[in-house]
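For reference, the structure is listed below as structure tokens.
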Amino acid sequence: VTGRVLIRTLVRPLTVSVQLDISKIPRAPRDVNKAVRNQERGVGLLEVTVISAERLPAVDRGGSSDPFVELLVGGNKQKTKTIKKTLSPEWNEPFSIEVPAGASSLECSVYDENFAQFNTFMGTVVVCLDQLEVGKDTVQVFPLGNRSLAGSIASGNLRLLLNYFAQGKDTLRYPEVDMGDVRQKAAESGAGSCTVTIVAAMDLPVSDPKNSGLTCYAEARANDYKAATSVVEGSRQPVFNAPVLLEITPDCQVVEIVVFEKASALNIRRGD
17 VTGRVLIRTL
27 VRPLTVSVQL
37 DISKIPRAPR
47 DVNKAVRNQE
57 RGVGLLEVTV
67 ISAERLPAVD
77 RGGSSDPFVE
87 LLVGGNKQKT
97 KTIKKTLSPE
107 WNEPFSIEVP
117 AGASSLECSV
127 YDENFAQFNT
137 FMGTVVVCLD
147 QLEVGKDTVQ
157 VFPLGNRSLA
167 GSIASGNLRL
177 LLNYFAQGKD
187 TLRYPEVDMG
197 DVRQKAAESG
207 AGSCTVTIVA
217 AMDLPVSDPK
227 NSGLTCYAEA
237 RANDYKAATS
247 VVEGSRQPVF
257 NAPVLLEITP
267 DCQVVEIVVF
277 EKASALNIRR
287 GD
């Protein structure tokens, strides 16, 4: 799939705030000192309690499912226990997830557990972290949506308790620029320079609905000049944080950022 513009935003699902006695919802142990130390190196802390789901699709014989939830933030992955034979599971399971620099969303995907074959995808939720108030508890109900370009059987909703407890300091990397070299090239050939930091990609589509993540990398292009990031495995929200210095010739009008799925070199998202 090509030609889709890559922008730093997500299609945000409509959410419904609900009134619950938050004091009764289980929480993960909080290590404040560790959170402060992590902030200094640009790592934040997101507290999530997966409370429950409702109206999930029935994917097993007999009209039931064995659902669990997989949580993903910038490559950091955790999962709930599996609840057997239900379409309205109650997990009440707390997590404390580190948020690496550049990560901008939480993805929660619901699966039906299968021992003899691949787990069956049932729906996903993407929560934009910049929509959460730092240090404040919020309980919301999110409608489950499709993840792959081919569509799926997604239905129902997921209830979460969220607290973006600590937001990491800006540790974005910036290209090192030798201004003397830049001026020399400009004088000799008329070429300019452009600095780009490829921070992250968000909500990338998967070519195979059975896969929960991608192995991908990003590439910056300016005419014939190219520079690639390192490869990130197992995430639809890869964090690259890669600085690039591009040489810009006088006829160059566009800097192109392309994300590739490494296994097949499939161009899955483009930005001009």
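Each residue of the sequence shown is one higher than the one before, counting from 17 in the numbering used here.
Don't be surprised by glycine CBs; every beta carbon is placed ideally from N, CA and C.
>> So, at 6 Å on beta carbons, what are the nonlocal neighbours of P266 in its own chain, with the 5 sequence-adjacent residues on each side left out?
In response: G206
>> Tell me which residues share the same chain as Q183 and place their Cβ nearer than 7 Å to its Cβ, disregarding the 5 neighbours each side in the sequence.
In response: G60 and V150
> What residue ranges within the segment 192–225 form continuous alpha helix (DSSP H) runs of no fewer than 4 residues, ordered along the chain?
Replying inline: 195–205
> Cα separation between E192 and E109?
Replying inline: Separation of E192 and E109 (C-alpha to C-alpha, rounded to the nearest whole angstrom) is 44 Å.
>> Counting C-beta neighbours from all protein chains within 10 Å, is the total for T102 16 or more, i.e. buried, or is it exposed?
In response: In this structure T102 is exposed. Its beta-carbon is surrounded by fewer than 16 other beta-carbon atoms within 10 angstroms.
>> Please state the DSSP three-state secondary structure of L177.
In response: strand
> Does DSSP classify A182 as helix, strand or coil?
Replying inline: strand
> Are there 16 or more other CB atoms within 10 angstroms of the CB of T211, so buried, or fewer, so exposed?
Replying inline: By the neighbour-count criterion, in which a residue is buried when 16 or more other Cβ atoms sit within 10 angstroms of its Cβ, T211 is exposed.
> Relative to the C-alpha of A132, which residue among D76, V275 and E56 is closest?
Replying inline: D76
> Since V66 sits in a beta bridge, which residues does DSSP pair it with?
Replying inline: E109 and L176
> Curious, which full-length beta strand (DSSP E) runs of at least 3 residues does the segment 126–150 contain?
Replying inline: 136–144
> What residues are listed by DSSP as bridge partners for E249?
Replying inline: T231
> V270 to A238, Cα distance in whole Å?
Replying inline: 7 Å
> Roughly how many whole angstroms lie between the Cα atoms of A119 and A243?
Replying inline: 21 Å
> If we count Cβ pairs, one from each stretch, closer than 8 Å, do we get three or more for the segment 137–149 versus the segment 73–92?
Replying inline: yes
> Among Y241, S246, P73 and V275, which has the Cα closest to the Cα of L261?
Replying inline: Y241
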